[in-house]
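Take 16 as the starting number for the sequence shown in this note's numbering and just add one per residue.
Where a beta carbon is used, it is the ideal one built from N, C-alpha and C, also for glycine.
Values in this document were obtained by computation on a predicted structure and should not be read as measured data.
What follows is a short report on a single structure.
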Amino acid sequence: MKGIIFDFNGTLYWDSQLHYDAWREFSALLRETPFTDEEMRDKMFGHTNSDIIEYLIGHKPTQEMVDKYGKEKEAVYRKRCLLEPDKFKLAPGAVELLDYLKENNIPRTIATMSEWDNVEFYIKEFRLEKWFDIDKIVYSDGTIPGKPAPDIFLIAAEKIGLKPKDCLVVEDAIAGINSAKSAGMGKIIAIASIEPIEFYKNMSGLHQIIKDFYEFDKSLLEIPTPLSLP
16 MKGIIFDFNG TLYWDSQLHY DAWREFSALL RETPFTDEEM RDKMFGHTNS
66 DIIEYLIGHK PTQEMVDKYG KEKEAVYRKR CLLEPDKFKL APGAVELLDY
116 LKENNIPRTI ATMSEWDNVE FYIKEFRLEK WFDIDKIVYS DGTIPGKPAP
166 DIFLIAAEKI GLKPKDCLVV EDAIAGINSA KSAGMGKIIA IASIEPIEFY
216 KNMSGLHQII KDFYEFDKSL LEIPTPLSLP
């Protein structure tokens, strides 16, 4: 593979439980019952706030409702992140892998359904500019369909100048894995950040299932040949 595209939430940053807690609170507010675990897997991870709210209320929400509840939920989520400093760090092995990608000039970016307020928060707190071209990060800007639609990965591949078939994707969510498959990504690796490895074993189209980035096989990535000077 010539390049790599990372999902962020639950992949580079293991924050799934924080999203669980915040969305359970807001689902109880909107429909009087909290999300079940199955609903969280199928309807929350990889989806836009608009998609999630539409599912909860049973009809298309107004933009005002999406903005109001989305911002309230994300503010609660970001506060929860900062309240657990021991857990507020990139996934095990992620820093070492990102350093390797940077040192070897391997094309890379992030494709996340988080909205800009959260992405800006991550950039600042994790200093993502150390490893990523911020302009190439793809996020939910209100125009990109949520996963499992393929759009976000197609845009990410284009941002790093590669064809989808030449990109490796790392994902944790069912919707994200299906999105990568629909986009024709060359290889897909599932990272078991919150689900057990067995959860992914019957899924088609996965090249590997890893527990953390220490298990990532760097040999899957092609190191670009330096251009020789004339």
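Considering only C-alpha positions, which residue in the set Pro107, Arg93, Glu89 and Leu44 is nearest to Glu230?
-> Taking the Cα of Glu230 as reference, the smallest distance to any Cα among Pro107, Arg93, Glu89 and Leu44 is reached at Pro107.
What residue ranges within the region 149–215 form continuous alpha helix (DSSP H) runs of no fewer than 4 residues, ordered along the chain?
-> If you keep only unbroken alpha helix (DSSP H) runs of at least 4 residues inside the region 149–215, you get 166–174 and 189–197.
Beta carbon of Met198 nearer than 9 Å to that of Asp148 = It should be noted that the sequence gives Ala, not Met, for residue 198. Against a cut-off of 9 Å, the Cβ pair of Asp148 and Ala198 comes out as no contact.
Whole angstroms is fine: what's the gap from Lys86's alpha carbon to Gly176's?
-> When rounded, the distance between both Cα atoms is 33 Å.
To the nearest angstrom, how far is it from the Cα of Glu130 to the Cα of Met16?
-> Glu130 and Met16: Cα-Cα distance of roughly 28 Å.
How long is the line joining the alpha carbons of Leu112 and Leu236, rounded to whole angstroms?
-> Rounded to the nearest angstrom, the two C-alpha atoms are 11 Å apart.
Would you mind reading off the limits of the beta strand (DSSP E) that contains Met128?
-> Counting along the chain, the beta strand (DSSP E) containing Met128 begins and ends at Arg123 to Glu130.
Own chain, CB closer than 6 Å to Ile159, minus 5 neighbours either side, in chain order = Result list for Ile159: Asp166 and Ile167, in chain order.
Give the straight-line distance between the Cα atoms of Ile72 and Arg39, rounded to the nearest whole angstrom.
-> Taken atom to atom, the span from the alpha-carbon of Ile72 to that of Arg39 is near 14 Å.
With DSSP collapsed to three states, give me the class of Ile238.
-> Assigned with DSSP and collapsed to three states, Ile238 falls in coil, not helix or strand.
C-alpha gap between Lys139 and Lys104, whole angstroms | Cα atoms of Lys139 and Lys104: separation of roughly 12 Å, rounded to the nearest angstrom.
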